[in-house]
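1 is the number of the first residue of the sequence shown in UniProt numbering; add one for each residue after it.
Glycine included, C-beta positions come from ideal geometry on N, C-alpha and C.
So the structure is just underneath, and the comments pick up after that.
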Amino acid sequence: MPAKVVLVLALTGGLLAFIAIIALVVSSLGRLNTDQIALPYNTISKKLSREVQASGLHLNAPGFKFLIFPSVFTSMEFDDISCLNRDGVSINLDCTLQFQADPKYLYDIVLQFKDFDGYKRILYGTG
Numbered sequence: 001m002p003a004k005v006v007l008v009l010a011l012t013g014g015l016l017a018f019i020a021i022i023a024l025v026v027s028s029l030g031r032l033n034t035d036q037i038a039l040p041y042n043t044i045s046k047k048l049s050r051e052v053q054a055s056g057l058h059l060n061a062p063g064f065k066f067l068i069f070p071s072v073f074t075s076m077e078f079d080d081i082s083c084l085n086r087d088g089v090s091i092n093l094d095c096t097l098q099f100q101a102d103p104k105y106l107y108d109i110v111l112q113f114k115d116f117d118g119y120k121r122i123l124y125g126t127g
């Protein structure tokens, strides 16, 4: 083979390898805001990490996604709750519940409720 053909093939191969490396690095990066905590979930191997990650830029396995929970208190409102007391008098209440997922138990919470929406739905149903 002529030297020019070998050079073109080598440059093309190098460029493709560089593009593949950049694509892998980009698909491995994830960012969390200051009011978020998360567990990384590898969508390829279907494994959930036990390591809670806080705000910042994180490098994980290619193809991962974050299961994000707020690291601050979240409010849930219950409007127009009505009931009767022992004497049969009607009582109307408006309540606000503030809750926060404990990072220590985040892995167990994700196993039971899947994500923050599932967690919030159960809290609302039991509230």
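Query	Result
Within 10 angstroms of its Cβ, does Val110 collect 16 or more other Cβ (buried), or is it exposed?	buried
If you run the structure through DSSP and keep just helix, strand and coil, what is Pro40?	strand
Taking 7 Å as the threshold (C-beta atoms), are Asp79 and Asp94 in contact?	yes
Can you check the segment 51-107 for any beta strand (DSSP E) of at least 3 residues that lies completely inside it and give the ranges in chain order?	56-59, 64-70, 74-84 and 90-99
Among Phe66, Lys114 and Gly13, whose alpha-carbon lies nearest the alpha-carbon of Gly56?	Phe66
Going by alpha carbons, who is nearest to Arg50 out of Ala38, Gln98 and Cys83?	Ala38
What do you get for residue 128, buried or exposed, if any count of 16 or more other CB atoms within 10 angstroms of its CB means buried?	Any question about residue 128 goes unanswered here, given that the chain covers just 1 to 127.
Please state if the CB of Thr74 and the CB of Phe99 are separated by a distance shorter than 7 Å.	yes
Could you name the residues of the same chain whose beta carbon sits closer than 7 Å to that of Ser27, not counting the 5 residues immediately before and after it, in chain order?	Pro62 and Gly63
With the cut-off set at 7 Å, would you say Leu84 and Ser90 are in Cβ contact?	yes
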